[in-house]
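Asks: Structure below; questions to follow.
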């Protein structure tokens, strides 16, 4: 709001004969505002995604930003290629749209606009009635005052010679301005004010005198019908709708809103269980009409409402209605009395008892989900560390065969089984006097590493092949012992 007002001030300080320095400074300031408004629009589009275009004000902001950017780009093109400056002035008018964004935050102006929107159908009908009256009187004026002497208010534009000029005269009379200047020449009926024998080119009618009695009746009747009746009907309709809009703003909820809520509820709860699933709550509140409606994206808003939930992740009808009503009215004294009356009406319409034992809320459930996710991430990191230790052990065993043997970090369990599947394993039975025989996993290298190491060993010493075969036999014997012990 403050930025919009500052932008208004920068547009107000522009003058016709401003210096080049002032033009440059204002241009830079305008560029800063364009960057700010564009960034705001871009961030809102990222946050709301496709829901950004479901709001009329967001669409208006988007159009204003696009026009501002287009105006900035075309300004450079026009200046570079010497296009007519008139086009540049028209493009700069797009900046005025930024001022209209003030309406979004001004409640009084929004009430007036709402009253005008409500009045449009009736105003359109009254406009048709006014045009019909003007059409009849313009034809009548052309028939009686087409050749009146051009003086006072009657000239080459304001006259009754053609239908278009007659409409212009009648429109001026409708505003109650200048009708006496049009009536004055019509009151001239005798010389020397007019010439009854004047030849009018292209017509058999002679003279430029008026008809006073006809003129007085014409103007008086038209002013009474158009200005005192039809135009005041415009004002009456607008005032009536403004009163309605003001009452609705002061009393945002009425019985029709609650009836609409229950009608929408029937579509989501056709079996009349008084509950709906939590995963359908977002669609339900988005389907409602204003002022109870919460448009998508609304999941965070619904979570913060802290709605009670029963087993099965279901929410009761009254809990949703109370939360939406509180969202509209806020924490006021009316809320408590309204809550009691709504509960009484609901119980009267639904006398059957339904088990209602909340076990959690939407906010608490979200907190539990966040905690569970954090625990899962921490446990995954812990498993990753154990897996890294096991992989490091396997790698050392595969690369350095002469180092003293060490116990595997993971002898059994998920990580050991997974590593054995990935890299293979060799089992040894270690016997010690202090403890019973146990299984020791000695992983071997992957096929590629084993192949490379065998090739290098064959080049260095062919005698080691016998040792390797001996170790292989020993390993096979160990496996057999393991099988026997397991049996």
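In the working numbering, the protein residues as written are 7 to 493. Positions of the beta carbon are idealized from the N, C-alpha and C atoms, including for glycine. If you're wondering where the values come from, they're calculated on a predicted model, not measured in any experiment.
1) Tell me, please, which residues DSSP counts as bridged to residue 321.
2) Quickly, what does DSSP pair residue 1 with across the bridge? List them, please.
3) Over the uninterrupted alpha helix (DSSP H) stretch that includes residue 269, give me the two end residues.
4) By Cβ distance, which residues of its chain are closer than 8 Å to residue 315, with the 5 residues on each side in sequence left out?
5) So what does DSSP say about residue 212, is it helix, strand or coil?
6) I need the straight-line Cα distance from residue 102 to residue 277, nearest angstrom please.
7) Is the beta carbon of residue 292 closer than 8 Å to that of residue 305?
8) Decide yes or no for the touch test of the segment 164 to 172 against the segment 115 to 130: beta carbon pairs closer than 8 Å, at least 3 of them.
9) If contacts are defined as beta-carbon pairs under 8 Å, then residue 236 and residue 334 qualify, I think. What distance do you get, rounded to the angstrom?
10) When burial is assigned at 16 or more other CB atoms within 10 Å of the CB, is residue 60 buried or exposed?
11) Within a Cβ cutoff of 6 Å, which residues of the same chain sit near residue 480, ignoring the five residues on either side of it in sequence?
12) Quick check: what's the CA-CA separation for residue 214 versus residue 194?
13) Using a C-beta cutoff of 8 Å, does residue 272 count as contacting chain D?
14) If you follow the alpha helix (DSSP H) that residue 206 is in, where does it begin and where does it stop?
15) How many whole angstroms separate the CB atoms of residue 136 and residue 227, which I take to be in contact at a CB cut-off of 8 Å?
16) According to DSSP, is residue 140 part of a helix, a strand, or is it coil?
17) Going by Cα to Cα distance, which pick from 53, 362, 323 is closest to residue 351?
18) Cα separation between residue 243 and residue 299?
19) What's the C-alpha gap between residue 155 and residue 207?
20) Are the beta-carbon atoms belonging to residue 164 and residue 174 less than 8 Å from one another?
21) Suppose you measure from the CA of residue 202 to the CA of residue 181; what does that come to, to the nearest Å?
22) On a CA-only basis, which of 24, 83, 104 is nearest residue 525? Give me that one, please.
23) DSSP state of residue 154, grouped into three classes?
Replies: In short, the structure shows the following:
1) DSSP output for residue 321 lists 282 as bridge partner(s).
2) Residue coverage of the chain in this structure runs from 7 to 493, which leaves residue 1 outside it and unanswerable.
3) 261 to 274 is the span of the alpha helix (DSSP H), which, as asked, contains residue 269.
4) Within the same chain, residue 315 has close Cβ partners 284, 321, 364, 365, 366, 367, 368, 371.
5) It is a strand residue.
6) Rounded to the nearest angstrom, the two C-alpha atoms are 54 Å apart.
7) No. Outside cutoff.
8) They do not touch, by the three-pair rule.
9) At roughly 39 Å, the Cβ-Cβ gap does not stay under 8 Å, so residue 236 and residue 334 are not in contact.
10) Around the beta carbon of residue 60, a 10 Å sphere encloses fewer than 16 other beta carbons of the protein chains shown; the residue is thus reported as exposed.
11) Any reading at residue 480 is ruled out, since the residue's pLDDT is 43, under 50, leaving its predicted position unreliable.
12) Taking C-alpha positions only, residue 214 is separated from residue 194 by approximately 9 Å.
13) Of the protein chains in the structure, only one exists, and it is not chain D.
14) Unbroken run through residue 206: none, as it is neither H nor E.
15) Between residue 227 and residue 136 the Cβ distance is about 14 Å, and since that is not below 8 Å, they are no contact.
16) Residue 140 falls in the helix class under three-state DSSP.
17) Closest by alpha carbon: 323.
18) Cα-Cα distance, rounded: 29 Å.
19) The straight-line gap from Cα to Cα measures roughly 14 Å.
20) In this structure, residue 174 lies closer than 8 Å to residue 164 by Cβ.
21) Between residue 202 and residue 181, the C-alpha separation is close to 32 Å.
22) With the chain covering only 7 through 493, there is no way to say anything about residue 525.
23) Of the three classes helix, strand and coil, the one that applies to residue 154 here is coil, per DSSP.
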